[in-house]
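One point on numbering: in the numbering used here, the residue at position 255 of the sequence shown is 261, and numbering is uninterrupted.
C-beta: ideal position from N, C-alpha, C; glycine also.
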Amino acid sequence: MNSDHQCVAFLQWVLPQLHMRWPGFRRVRRQVCKRVHRRIRALGLTSLDAYRLYLAQHPDEWETLDSLCRITVSRFNRDKALHELLERRLIPQLAEQIRQQGTQTLRIWSAGCASGEEPYSLAILWRMQLARRFPDVDLMILATDADPHLLHRASAACYGAGSLKDLPEPWHKTAFTQSDGQHCLHTEYIEHVVFACHDIRTRLPATALHMILCRNLVYTYYTPDLQREITQRFHASLLPDGFLVLGSHETLPDGCPEFTPLPAKAGIYTKCLAD
Numbered sequence: 007m008n009s010d011h012q013c014v015a016f017l018q019w020v021l022p023q024l025h026m027r028w029p030g031f032r033r034v035r036r037q038v039c040k041r042v043h044r045r046i047r048a049l050g051l052t053s054l055d056a057y058r059l060y061l062a063q064h065p066d067e068w069e070t071l072d073s074l075c076r077i078t079v080s081r082f083n084r085d086k087a088l089h090e091l092l093e094r095r096l097i098p099q100l101a102e103q104i105r106q107q108g109t110q111t112l113r114i115w116s117a118g119c120a121s122g123e124e125p126y127s128l129a130i131l132w133r134m135q136l137a138r139r140f141p142d143v144d145l146m147i148l149a150t151d152a153d154p155h156l157l158h159r160a161s162a163a164c165y166g167a168g169s170l171k172d173l174p175e176p177w178h179k180t181a182f183t184q185s186d187g188q189h190c191l192h193t194e195y196i197e198h199v200v201f202a203c204h205d206i207r208t209r210l211p212a213t214a215l216h217m218i219l220c221r222n223l224v225y226t227y228y229t230p231d232l233q234r235e236i237t238q239r240f241h242a243s244l245l246p247d248g249f250l251v252l253g254s255h256e257t258l259p260d261g262c263p264e265f266t267p268l269p270a271k272a273g274i275y276t277k278c279l280a281d
């Protein structure tokens, strides 16, 4: 059995014990396998079988293994079609509701925010395109991730050119300052975002939200039972008519009747009201 097959067998054994599903990892297995083999070498072990035995003898190691299975691929304005929909329809609709209700703050949660590209993209979109239309509405984005190292990078708000390649050039020039090969976001965009360390599998960090973005995380990598559990929490945290935004290729699992998909808008749902 070659090394790839051995690692696949290892992942198929370990992932269900972490409430994760193998199909979500099929395309990214080599990235995870490299991390696992690096960890095995760091422990002075010689094989995956030896690592299995180490896990049995050292239960705390499961937490480290869990962190090795986190997949992060992020850049600014990564999904152009979604950002156009957010600009044209979803965020203006929510802002108008807030205005009519006499409240002031549009509250969005970016779950699994990695290095901050998604929440900062929303902040740039708001200030560039929408803030002048809704001067009486403030934007607050809660951005969470389970990896404190990624959150540290996010708080610094400085990025390489590759992270900005999908951002419109005028936005890039207006929102960032270039220094020593890094592109650093201006303070007025950063102030819209609050970062917090949070594992999506635990109790949610906020309620009364207008929108939750949980893209390419829960509904790709976690088991259906855990997906349903987290979906129930999302529903409880969203305000009526709030939006739940998944990845464009993700869907809610069966047994989640509390959300209605937007027609022809892949991965976007509205909260259903109780009967």
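Practice item. Pick out whichever of Q238, S53, V38, E102 has its Cα sitting closest to the Cα of P259. Key: Position 253 of the sequence shown, counting from 1, holds the residue named residue 259. Looking at the Cα atoms, Q238 is the closest of the given residues.
Check your understanding: Start and end of the alpha helix (DSSP H) containing W286?
Key -> Examination of residue 286 is not possible in this model, given that the chain is present from 7 through 281 alone.
**Study point:** Beta-carbon proximity of H89 to S116, cut-off 9 Å
**Key:** Here residue 89 refers to the residue found at position 83 of the sequence shown. Here residue 116 refers to the residue found at position 110 of the sequence shown. No. Outside cutoff.
Exercise for review: With distances taken Cα to Cα, identify the nearest neighbour of L232 among T208, P246, A242.
Suggested key: The residue given as residue 232 occupies position 226 in the sequence shown. Of T208, P246, A242, the residue nearest in Cα terms is T208.
Exercise for review: Assuming S243 and L215 form a contact by the criterion Cβ under 8 Å, report the distance between their Cβ atoms to the nearest whole angstrom.
Suggested key: Here the question's residue 243 lines up with position 237 in the sequence shown. Here the question's residue 215 lines up with position 209 in the sequence shown. The pair is a contact, with the Cβ atoms about 5 Å apart (cut-off 8 Å).
**Study point:** Unbroken alpha helix (DSSP H) run spanning C13, endpoints
**Key:** By 1-based counting over the sequence shown, the position of residue 13 is 7. Residues 9-20.
**Study point:** P29 versus V143 - alpha carbon distance
**Key:** By 1-based counting over the sequence shown, the position of residue 29 is 23. By 1-based counting over the sequence shown, the position of residue 143 is 137. Annotation: P29 to V143 spans about 42 Å, alpha carbon to alpha carbon.
Exercise for review: Excluding the 5 residues preceding and the 5 following L268 in the sequence, name in chain order all residues of the same chain whose CB lies nearer than 6 Å to its CB.
Suggested key: As a first step, residue 268 is located in the sequence shown; it is residue number 262 there, counting from the start. Residues of the same chain with a CB within less than 6 Å of the CB of L268, apart from the 5 flanking positions on each side, are I274 in chain order.
**Study point:** Spatial distance of A163 from A15 (CA atoms)
**Key:** Mapped onto the sequence shown, residue 163 falls at position 157. Mapped onto the sequence shown, residue 15 falls at position 9. Each residue's alpha carbon lies about 39 Å from the other.
Exercise for review: On the DSSP bridge assignment, give the partners of M134 in chain order.
Suggested key: Looking up residue 134 in the sequence shown gives position 128. Paired residues: none, contrary to the question.
Practice item. Could you name the residues of the same chain whose beta carbon sits closer than 6 Å to that of L145, not counting the 5 residues immediately before and after it, in chain order? Key: Reading the sequence shown from its first residue, position 139 is the one you call residue 145. L112, W132, H198, listed in sequence order.
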